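Student: Counted the way my numbering counts, the sequence shown spans residues 226 to 633.
Glycine included, each C-beta is placed from N, C-alpha and C at the ideal position.
If you're wondering where the values come from, they're calculated on a predicted model, not measured in any experiment.
Have a look at the structure that comes next, please.
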Amino acid sequence: MLAMTSTALRPAVPLLVLIIVGCIVAAIGNGVRTSFGLFTLPMTGDLGLTRESWGMAMAIQNLAWGIAQPFAGAYADRVGTGRTVAMGAAIYAFGVLGMAISPDAGWLTLSAGIVTGVGIAVSSFSVVMAAFGRSVPVEKRSLIFGVATAASSFGQFAFAPISQGFINAFGWQSALVYLGMALLLIIPLSYALRGRTENPVGQADLRFMQALSKAWGHGSYRLLVIGFFVCGFHLAFINVHMPAYLVQCGLTPEVGSWTIAVIGLFNIVGSLMAGYLGGKLPKQLLLATIYFLRSLAIALFLLIPVSEITAYAFAAAMGLLWLSTVPLTAGLVSLFFGARYMGMLYGVAFFSHQLGSFVGVWLGGFAYDQTGSYALVWYLGIVLGLASAALHIPINERSASNFSLKPA
């Protein structure tokens with residue numbers, strides 16, 4: 226069994242149980258969220274929404290998630306992971322159930338956008354990874370973060386075909402009710418995640434803005450945060466608009482759902498590989514490689530005529546690169562600043578990710594309504610991927626010298 230870090234309270238449950246439960250929580254939460262793109266066509270059709278208004282609701286969801294994430298991480302750092310995740314799951318489920326009764330764009334923006342976004346943030350695998358970070362030795366964290374990310378991807382693989390099956394059999398409203406009920410399972414599971422990270426003896430807590438100011442003074446952290454914007458742009462655009470894009474190209478909605486599932490399946494491999502390699506090779510160079518390969522994959526996908534085979538091949542390639550950025554980014558944040566403020570400071574980096582998600586989702590809908598095509602966003606994704614690759618190369622993989630904790 227892995228040893229405890231010196232700055233963590235000993236968990237009330239065995240570490241293996243903590244990891245298993247955390248992975249289940251991550252799988253459910255991410256599985257539900259990544260199914261939302263499958264509701265694009267039935268909900269816009271039945272509610273009479275434009276593609277931009279649907280995209281705006283999903284964009285606000287990502288933005289609300291990003292804004293709430295640093296505070297959710299800070300709250301979990303202070304009061305414990307278990308109660309934070311339980312509260313977030315209740316909010317998340319309430320938002321999804323609200324989506325099921327949405328009569329128009331305004332209600333959809335409130336339920337699917339704001340409420341669901343906040344619920345995702347408070348129950349997200351970012352909060353779960355903070356629990357892992359306080360309990361796992363530093364040399365093992367990148368691998369365990371990869372395991373958690375792979376688990377969340379398994380949720381994507383499992384929930385995409387299940388959600389499409391619910392939509393086909395029962396309609397989109399009932400499908401959302403079933404997904405909301407699945408989220409409620411997180412509440413009893415969260416008990417195993419209870420606990421918080423303690424400061425070493427003689428060191429005092431830093432205030433939110435004080436900790437953020439010290440962290441932002443670390444140049445490599447700034448580059449990491451800015452580069453993470455691109456990850457969100459890619460993921461959110463593809464997750465929300467890819468099913469509709471494939472239908473536009475003449476494929477069936479079922480192909481769209483299985484494309485999302487294939488991304489999740491291959492990301493299990495990609496996340497585990499990234500977590501393992503992150504302990505062996507420079508994380509910043511691995512991240513630069515991932516962003517470069519994403520741009521290459523998108524470029525090839527646009528050059529080759531779309532078919533079921535090319536859709537699944539692209540999904541497999543992107544799956545290997547999908548959330549493989551997360552264990553590496555989280556590993557760098559933990560290395561820079563330690564475990565005590567990881568929830569908060571990874572949350573700040575994740576806010577940048579969600580700004581990218583907001584832009585990707587909204588711009589996808591806007592571009593489609595204005596031009597009848599998603600081409601503009603695809604090409605922009607290539608350019609941003611190359612830019613993010615360049616940003617990660619100068620990052621230094623070492624602890625932040627300016628982030629020392631002193632008694633207040």
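#1: For I488 and G405, which I take to be in contact (beta-carbon distance under 8 Å), what is that distance rounded to the nearest angstrom?
#2: According to DSSP, is V310 helix, strand or coil?
#3: When we look at the beta-carbon of G390 and count the other beta-carbons within 10 Å, is it buried (16 or more) or exposed?
#4: Quick check: does the Cβ of K365 come within less than 7 Å of any heavy atom belonging to the ligand SAM?
#5: Can you tell me the Cβ-Cβ gap for L548 and S378, rounded? I've got them flagged as a contact below 8 Å.
#6: Need the endpoints of the alpha helix (DSSP H) that H219 sits in, please.
#7: Less than 8 Å separating the beta-carbons of L240 and G452?
#8: Considering only residues of the stretch 531-600, which uninterrupted alpha helix (DSSP H) runs meet the minimum length of 4 residues and lie entirely inside it, listed in chain order?
#9: Just to confirm, is the Cβ distance from V352 to I244 under 8 Å?
#10: Just curious, the alpha helix (DSSP H) that C474 is in, first and last residue?
#11: If we ignore side chains and look at the alpha-carbon of each, how far apart do I607 and Y516 end up?
#12: Residues in its own chain within less than 6 Å of A318 by CB, not counting five upstream and five downstream?
#13: Tell me which residues share the same chain as A461 and place their Cβ nearer than 6 Å to its Cβ, disregarding the 5 neighbours each side in the sequence.
#14: Would you call the stretch 502-515 and the stretch 463-475 in contact, with 3 or more CB pairs under 8 Å?
#15: On the DSSP letters alone, give me the boundaries of the alpha helix (DSSP H) that T334 sits inside.
#16: Taking just the CA atoms, how far does T259 sit from A400?
#17: Going straight from the alpha carbon of A574 to that of Y566, what length do you get?
#18: Can you grab the Cα-Cα spacing for the pair S520 / L611, in whole Å?
#19: Based on Cα-Cα distance, which residue from L274, G254, I534, M268 lies nearest to V343?
#20: Mapping the DSSP letters down to three states, classify G323 as helix, strand or coil.
#21: To the nearest angstrom, report how far apart V301 and A356 are at their CA atoms.
#22: Tell me the residue span of the alpha helix (DSSP H) that contains T269.
#23: Leaving out five residues before and five after I485 in sequence, what residues of the same chain have Cβ atoms less than 8 Å from its Cβ?
#24: For S613, which residues of its own chain have a beta-carbon under 7 Å away from its beta-carbon, when the five flanking residues on both sides are left out?
#25: Distance, Cα to Cα, V480 vs I534?
#26: Hey, V347 and G313: beta-carbon distance below 8 Å or not?
#27: Should G396 and L580 be called a contact, given that it needs their Cβ atoms to be closer than 8 Å?
#28: Quick one: give me the first and last residue of the alpha helix (DSSP H) that A513 is part of.
#29: Does the distance from the C-beta atom of I523 to that of W441 stay below 8 Å?
#30: For the alpha helix (DSSP H) that contains S624, what are its first and last residues?
#31: Measuring alpha carbon to alpha carbon, tell me which of V494, T477, S577, L497 ends up nearest S532.
#32: Start and end of the alpha helix (DSSP H) containing T341?
#33: Helix, strand or coil for S260? Go by DSSP, reduced to three states.
#34: Where P530 and G475 are concerned, what is the direct C-alpha to C-alpha distance, given to the nearest angstrom?
Tutor: From the atom records:
#1: The residue labelled residue 488 in the question sits at position 263 within the sequence shown. The residue labelled residue 405 in the question sits at position 180 within the sequence shown. In fact, because the Cβ distance is near 23 Å, the residues do not count as touching under 8 Å.
#2: The residue you call residue 310 lines up with position 85 of the sequence shown. The answer is helix: DSSP assigns V310 an H, G or I state.
#3: Counting from 1 along the sequence shown, the entry for residue 390 is found at position 165. By the neighbour-count rule (16 or more Cβ atoms within 10 Å), G390 is not buried but exposed.
#4: This structure lacks the ligand SAM; in fact it carries no ligand of any kind.
#5: Position 323 of the sequence shown, counting from 1, holds the residue named residue 548. Position 153 of the sequence shown, counting from 1, holds the residue named residue 378. Sure, about 6 Å apart at Cβ, within 8 Å.
#6: It is not possible to answer for residue 219, since the shown part of the chain is limited to 226 through 633.
#7: Residue 240 sits at position 15 when you count from the first residue of the sequence shown. Residue 452 sits at position 227 when you count from the first residue of the sequence shown. Cβ distance not < 8 Å, so L240 and G452 don't count as in contact.
#8: 533-546, 550-562, 567-596
#9: Position 127 of the sequence shown, counting from 1, holds the residue named residue 352. Position 19 of the sequence shown, counting from 1, holds the residue named residue 244. In this structure, I244 does not lie closer than 8 Å to V352 by Cβ.
#10: What you label residue 474 is simply residue 249 of the sequence shown in a count that begins at 1. From DSSP, C474 is part of no alpha helix (DSSP H); its letter is neither H nor E.
#11: Here the question's residue 607 lines up with position 382 in the sequence shown. Here the question's residue 516 lines up with position 291 in the sequence shown. Cα to Cα, I607 sits roughly 9 Å from Y516.
#12: Locating residue 318 in the sequence shown gives position 93, where the first residue counts as 1. Excluding sequence neighbours, A318 sits near G405, L408, L409.
#13: In the sequence shown, counting from the first residue as 1, residue 461 sits at position 236. These residues qualify, in order along the chain: N287, S582, G585, V586.
#14: no
#15: Indexing the sequence shown from 1 puts residue 334 at position 109. No alpha helix (DSSP H) contains T334, which DSSP labels as neither H nor E.
#16: Translated into the one-based positions of the sequence shown, residue 400 becomes position 175. Translated into the one-based positions of the sequence shown, residue 259 becomes position 34. Using only the alpha carbons, I get a separation of about 14 Å.
#17: Mapped onto the sequence shown, residue 574 falls at position 349. Mapped onto the sequence shown, residue 566 falls at position 341. Looking at the two C-alpha atoms, the distance is approximately 12 Å.
#18: Counting from 1 along the sequence shown, the entry for residue 520 is found at position 295. Counting from 1 along the sequence shown, the entry for residue 611 is found at position 386. Roughly 6 Å between the two C-alpha positions.
#19: Within the sequence shown, the letter at position 118 stands for residue 343. Nearest option by C-alpha distance: G254.
#20: Within the sequence shown, residue 323 is the residue found at index 98, counting from 1. Reduced to three states, the DSSP call for G323 is helix.
#21: Taking the sequence shown and counting its residues from 1, one reaches residue 301 at position 76. Taking the sequence shown and counting its residues from 1, one reaches residue 356 at position 131. It should be pointed out that residue 301 corresponds to Ala in this sequence rather than to Val. When rounded, the distance between both Cα atoms is 9 Å.
#22: Numbered from its first residue, the sequence shown carries residue 269 at position 44. That run of the alpha helix (DSSP H) goes 265-272.
#23: Numbered from 1 along the sequence shown, position 260 holds the residue referred to as residue 485. Contacts found: T259, S260, G262, L263, Q381, A385, N464, M467, P468, A540.
#24: Residue 613 sits at position 388 when you count from the first residue of the sequence shown. G452, V455, Y516, listed in sequence order.
#25: Here the question's residue 480 lines up with position 255 in the sequence shown. Here the question's residue 534 lines up with position 309 in the sequence shown. Approximately 10 Å, taken between the alpha carbons.
#26: As a first step, residue 347 must be located in the sequence shown, where it is residue number 122. As a first step, residue 313 must be located in the sequence shown, where it is residue number 88. Cβ atoms of V347 and G313: closer than 8 Å.
#27: Locating residue 396 in the sequence shown gives position 171, counting from the first residue. Locating residue 580 in the sequence shown gives position 355, counting from the first residue. Going by C-beta atoms, G396 is not nearer than 8 Å to L580.
#28: If you number the sequence shown from 1, residue 513 lands on position 288. A513 -> alpha helix (DSSP H) spans 508-528.
#29: In the sequence shown, the residue the question calls residue 523 occupies position 298. In the sequence shown, the residue the question calls residue 441 occupies position 216. No, the pair does not count as a contact, with Cβ atoms beyond the cut-off.
#30: Position 399 of the sequence shown holds residue 624. Unbroken run through S624: none, as it is neither H nor E.
#31: The count along the sequence shown starts at 1 and reaches residue 532 at position 307. Ranking the options by Cα distance to S532, first place goes to T477.
#32: In the sequence shown, the residue the question calls residue 341 occupies position 116. Start and end: 341-348.
#33: Numbered from 1 along the sequence shown, position 35 holds the residue referred to as residue 260. Reduced to three states, the DSSP call for S260 is coil.
#34: By 1-based counting over the sequence shown, the position of residue 530 is 305. By 1-based counting over the sequence shown, the position of residue 475 is 250. Their Cα atoms are separated by approximately 11 Å.
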